[in-house]
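*Asks:*
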Amino acid sequence: QSFIPAAIMTDGGPENATLFAVLHIYRQGFQFFNMGYASALAWELFVIVVGFTVLQFYISRRWVYYES
């Protein structure tokens, strides 16, 4: 949800101050036409997000109680 404001208003900002992962992937794919590199970055981001999600579900078993 923070992609559009950063892309429109700053496009990475002064000296890439507001450049984050999704904006970097977008710029690599559509501004520099490095689609293969952008795809690899997107897959890496996907694996990281899935890893954090699995970790969160595993850790949440300690403090979430389901009555059954």
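So the number in the numbering used here is just where the residue sits in the sequence shown, counting from 1, plus 7. Cβ coordinates follow ideal geometry from the N, Cα and C atoms, glycine included.
Could you spell out the range, first to last residue, of the alpha helix (DSSP H) harbouring L84?
*Replies:* Absent from the model: residue 84. The displayed extent of the chain is 8 to 75, so no value can be given.
*Asks:* Roughly how many angstroms lie between the CA atoms of M42 and T60, to the nearest whole one?
*Replies:* Using only the alpha carbons, I get a separation of about 27 Å.
*Asks:* How far does the alpha helix (DSSP H) with I2 in it extend, from its first residue to its last?
*Replies:* Nothing can be reported for residue 2, as the shown portion of the chain is limited to 8 through 75.
*Asks:* Mind checking whether L26 and F10 have CB atoms under 8 Å apart?
*Replies:* Not closer than 8 Å, so no.
*Asks:* Would you report the Cα separation of F39 and I66, rounded to the nearest angstrom?
*Replies:* In a straight line, the C-alpha of F39 is about 40 Å away from that of I66.
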